[in-house]
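Asker: Here you go, one structure.
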Amino acid sequence: MVPYLQVDIHLLHASVPLTSSITLITQLQSHNFLGDALPYVNLGQGLTATSIAAGAAHTCAVLDNGALKCWGGNTYGQLGLGDTKSRGGSAADMGDALPSVDLGTGQQATAVTAGFWLTCVVTASSNLKCFGRGGSLGIGDAFDRGGSADDMGDNLPFVSLDGSTSAMLDGSIRLCRHHHHHHHHGPYYHHRLSQLLEQ
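Heads up: the sequence shown begins at 1 in the UniProt record's numbering, then just goes up one per residue.
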């Protein structure tokens with residue numbers, strides 16, 4: 001049996017980072033191929049996933065080098081790659097050909113969570129960045145982020161929690177962002193994000 005570190009399950013698919021390799025993904029469909037028949041996801045030569053998150057149709061993985069890679073559906077820019085092109089439908093999309101998400105100068109990812117159409121990542125500086133469908137990103141407007149190259153990198157602002165750009169507040173986490181589309185995320189999303197910020 002292959003050991004695993006974490007399982008992240010969404011309505012449409014599940015993700016498992018393995019201790020001995022990269023990430024194992026299964027689509028919850030009637031024609032599943034499981035066990036040894038299910039291939040590993042290629043995230044790049046020598047790279048291993050340390051944490052994962054599954055949205056409605058996209059998956060993101062924090063890698064052991066601090067990079068973040070995302071693949072799957074990308075209607076709202078939830079992959080953070082500066083376009084709205086889906087990734088992962090072809091082997092040519094993956095591996096070294098799958099770019100890392102640009103989180104800004106010197107920013108590395110430590111944890112990630114996903115909603116239906118958005119992704120939020122905690123950086124090594126204990127800050128939070130979110131991209132994807134607007135109105136739920138905590139940025140203060142309803143614009144989508146991640147679908148244009150100008151959206152990412154240093155142009156993507158940190159989410160301000162209680163007036164602070166730091167994810168750590170007085171030793172505890174307070175997630176106060178109200179989601180207009182709360183039915184798209186649910187209580188698990190809010191709970192999971194709070195857990196990630198506490199790490």
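No residue lacks a Cβ here, since even glycine has one placed at the ideal position from N, Cα and C.
Here the structure is a predicted model, which is why all the values come from computation and not from measurement.
Quick check on this structure: which residue in S51, Q78, W117 has the alpha carbon closest to the alpha carbon of S101?
Answerer: Sequence index remark: in the sequence shown, residue 101 carries index 101 (1-based). Strictly speaking, residue 101 in this sequence is Val, with Ser absent from that position. Of the listed residues, the one whose Cα sits closest to V101 is Q78.
Asker: Can you find at least 3 beta carbon pairs, one from the stretch 85-96 and one from the stretch 110-122, that sit closer than 8 Å?
Answerer: No, the stretch 85-96 is not in contact with the stretch 110-122.
Asker: Tell me whether the beta-carbon of G146 lies closer than 8 Å to the beta-carbon of G80.
Answerer: Here residue 146 refers to the residue found at position 146 of the sequence shown. Here residue 80 refers to the residue found at position 80 of the sequence shown. Their beta carbons are under 8 Å apart, which means G146 touches G80 by this criterion.
Asker: DSSP state of G115, grouped into three classes?
Answerer: Against the sequence shown, residue 115 aligns to sequence position 115. G115 falls in the coil class under three-state DSSP.
Asker: Report whether the distance from the Cβ of I52 to the nearest heavy atom of the ligand HEM is below 7 Å.
Answerer: In terms of ligand content, the structure shown is empty, and the ligand HEM therefore cannot be addressed.
Asker: Please name the residue, chosen from A57, I52, W71, that lies closest to V122 on a Cα-to-Cα basis.
Answerer: In the sequence shown, counting from the first residue as 1, residue 122 sits at position 122. With distances taken between Cα atoms, V122 lies closest to I52.
Asker: Assuming A111 and V159 make a contact with CB atoms under 8 Å, what is their CB distance in whole Å?
Answerer: Position 111 of the sequence shown holds residue 111. Position 159 of the sequence shown holds residue 159. At roughly 14 Å, the Cβ-Cβ gap does not stay under 8 Å, so A111 and V159 are not in contact.
Asker: What do you reckon, are the CB atoms on L43 and A49 nearer than 8 Å?
Answerer: Locating residue 43 in the sequence shown gives position 43, counting from the first residue. Locating residue 49 in the sequence shown gives position 49, counting from the first residue. Yes, these two residues count as a Cβ contact at 8 Å.
Asker: What do you reckon, are the CB atoms on T59 and G72 nearer than 8 Å?
Answerer: Residue mapping note: residue 59 aligns to position 59 of the sequence shown, counting from 1. Residue mapping note: residue 72 aligns to position 72 of the sequence shown, counting from 1. Their beta carbons are under 8 Å apart, which means T59 touches G72 by this criterion.
Asker: What does the Cβ neighbour count give for residue 261, buried or exposed, with the cut at 16 atoms within 10 Å?
Answerer: Any property of residue 261 remains undetermined from this structure, which presents the chain solely from 1 to 199.
Asker: In three-state DSSP terms, what is G95?
Answerer: For the purposes of this step, residue 95 is taken as residue 95 along the sequence shown, with counting starting at 1. DSSP places G95 in helix when its eight states are reduced to three.
Asker: In angstroms with no decimal places, state the Cα-to-Cα distance between A124 and R133.
Answerer: Locating residue 124 in the sequence shown gives position 124, counting from the first residue. Locating residue 133 in the sequence shown gives position 133, counting from the first residue. Cα to Cα, A124 sits roughly 24 Å from R133.
Asker: Which residues in the same chain as G46 place their Cβ atom closer than 7 Å to its Cβ, once the five residues preceding and following it in sequence are excluded?
Answerer: For this step, residue 46 is matched to residue 46 along the sequence shown. Contacts found: none.
Asker: Go ahead and pull the three-state DSSP assignment for T26.
Answerer: As a working mapping, residue 26 is identified with position 26 in the sequence shown. Confidence at T26 is low in this model, with a pLDDT of 44, below 50, so the placement of that residue is unreliable and no value is reported for it.
Asker: In the DSSP assignment, find the beta strand (DSSP E) that holds S160 and state where it starts and stops.
Answerer: For the purposes of this step, residue 160 is taken as the residue at position 160 of the sequence shown. Per DSSP, S160 belongs to no beta strand (DSSP E) and is neither H nor E.
Asker: What does DSSP give as the partner residues of K129 in its beta bridges?
Answerer: On the sequence shown, position 129 is the one that residue 129 refers to. K129 is bridged to V121.
Asker: Ordered along the chain, which non-local residues of its own chain (more than five positions away) have a Cβ less than 6 Å from that of D141?
Answerer: Here residue 141 corresponds to residue number 141 of the sequence shown, with the count starting at 1. Contacts found: none.
Asker: Looking at G95: is its Cβ nearer than 8 Å to the Cβ of A149?
Answerer: Indexing the sequence shown from 1 puts residue 95 at position 95. Indexing the sequence shown from 1 puts residue 149 at position 149. Result no, Cβ atoms of G95 and A149 do not sit closer than 8 Å.
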